[in-house]
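Read the structure below first, then the notes.
Below is the structure:
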C-alpha cells in the first residue's frame with residue numbers, strides 16, 4: 036500500500052513538472068517574433084545549368100543575421116552564405132566573396148538565380164511584399180496556396196504546425212519553365 040504522506044509530497048512536484056513542461060513550448064503568432072529559427076530542408080533543383088539534390092540549412096538569428104548552408108550544390112560542395120544588414124558574404128571552396136545583394140552575389144558565383152531575399156519571407160508562408168505579389172490563391176484553411184512575386188511562382192503543397200505557427204513543409208519555387216526548386220522542410224527549430 037502507498038504511504039499517504041510520501042504520495043502527498045509527490046503531488047506538488049508532479050504538478051510543478053506539468054506546469055514547467057507546458058511553459059517550455061512558446062507559441063508565436065509570427066515567425067518574426069522568434070529570436071532564432073532554423074529550417075532544415077532538402078531541395079531538388081532543376082535548371083538549364085544545374086540538376087540535382089541539395090541540402091539547405093536556413094538559420095535566422097534575431098531577424099538581423101541570416102546564415103544559409105547549401106551542401107552539394109552547383110558543383111561547389113558546400114556553400115556558406117551570411118547575410119547582415121550591411122554585407123553579404125559567401126564562402127565556397129575556401130574562398131570568401133562579399134557584396135551587398137545576396138541574390139546578385141550568389142548569381143555571380145554560381146550562375147544560378149536563386150531569390151534568396153524573397154525566400155526568407157516565402158519560408159514563413161507569405162510574400163516578401165504583399166503589395167507586389169500577384170495571383171494570390173488561398174486554400175480552404177485560408178492559407179496561401181500560391182502566388183507570384185518578383186518573377187517567381189511560389190506554391191505550397193503541405194504545411195506543419197510548430198510553436199503555434201502553421202509553416203510550410205513542402206513548397207516549390209519556379210521561374211518560367213526552366214528553373215524549379217522543390218523544398219521539403221524536414222525540420223523546423225524555433226526558439
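Numbering (our numbering), first residue to last: 36 to 226. Glycine residues also receive a C-beta, built at the ideal position from the N, C-alpha and C atoms. Fair warning: this is a prediction, and the values are worked out from it, not measured in the lab.
DSSP on residue i, reduced to helix/strand/coil?
i           : result
residue 146 : coil
residue 175 : coil
residue 153 : helix
residue 102 : strand
residue 166 : coil
residue 70  : coil
residue 47  : Reliability fails at residue 47, whose pLDDT of 48 lies under 50, so the model's placement of it is uncertain and the value that follows must be treated cautiously. Reduced to three states, the DSSP call for residue 47 is helix.
In whole angstroms, what separates the C-alpha of residue i from that of residue j?
i           : j           : result
residue 226 : residue 138 : 27 angstroms
residue 143 : residue 136 : 11 angstroms
residue 199 : residue 162 : 20 angstroms
residue 98  : residue 155 : 10 angstroms
residue 129 : residue 121 : 22 angstroms
residue 101 : residue 179 : 24 angstroms
residue 201 : residue 65  : 9 angstroms
residue 119 : residue 165 : 23 angstroms
residue 91  : residue 85  : 16 angstroms
residue 131 : residue 185 : 28 angstroms
residue 96  : residue 158 : 15 angstroms
residue 133 : residue 175 : 44 angstroms
Using a Cβ-Cβ cutoff of less than 7 angstroms, which residues in the same chain neighbour residue i once the five nearest sequence positions on both sides are dropped?
i           : result
residue 213 : 82, 83
residue 67  : 98
With a threshold of 8 angstroms (Cβ to nearest heavy atom), would residue i be considered close to the ligand GTP?
i          : result
residue 96 : No copy of the ligand GTP appears in this structure; indeed no ligand is present at all.
Excluding the five sequence neighbours on either side, which residues of its own chain have a C-beta within less than 6 angstroms of the C-beta of residue i, listed in chain order?
i           : result
residue 73  : 94, 224
residue 209 : 188, 215
residue 116 : 103, 125
residue 149 : 141
residue 192 : 205
Can you tell me where the beta strand (DSSP E) holding residue i begins and where it ends?
i           : result
residue 133 : 130-134
residue 256 : Given a span of 36 to 226 for the chain in the structure shown, any question on residue 256 remains unanswerable.
residue 88  : 86-96
residue 114 : 113-118
residue 197 : 187-197
residue 127 : 123-127
Using C-beta distances below 8 angstroms, list every residue in its chain close to residue i, excluding the 5 sequence neighbours before and after it, in chain order.
i           : result
residue 219 : 76, 77, 78, 204, 205
residue 88  : 77, 78, 79, 80, 107
residue 167 : 184, 185
Using 10 angstroms around the beta-carbon of residue i, count the other beta-carbons present and answer buried if the total reaches 16, otherwise exposed.
i           : result
residue 169 : exposed
residue 105 : buried
residue 172 : exposed
residue 221 : exposed
residue 197 : buried
residue 61  : exposed
residue 112 : exposed
At least one CB of chain C closer than 9 angstroms to the CB of residue i: is that the case?
i           : result
residue 128 : The structure shown has no chain C; it contains just one protein chain.
The alpha helix (DSSP H) that contains residue i, what's its start and end?
i           : result
residue 207 : Taken as a continuous stretch (DSSP letters only), residue 207 belongs to no alpha helix (DSSP H), being part of the beta strand (DSSP E) at 200-210.
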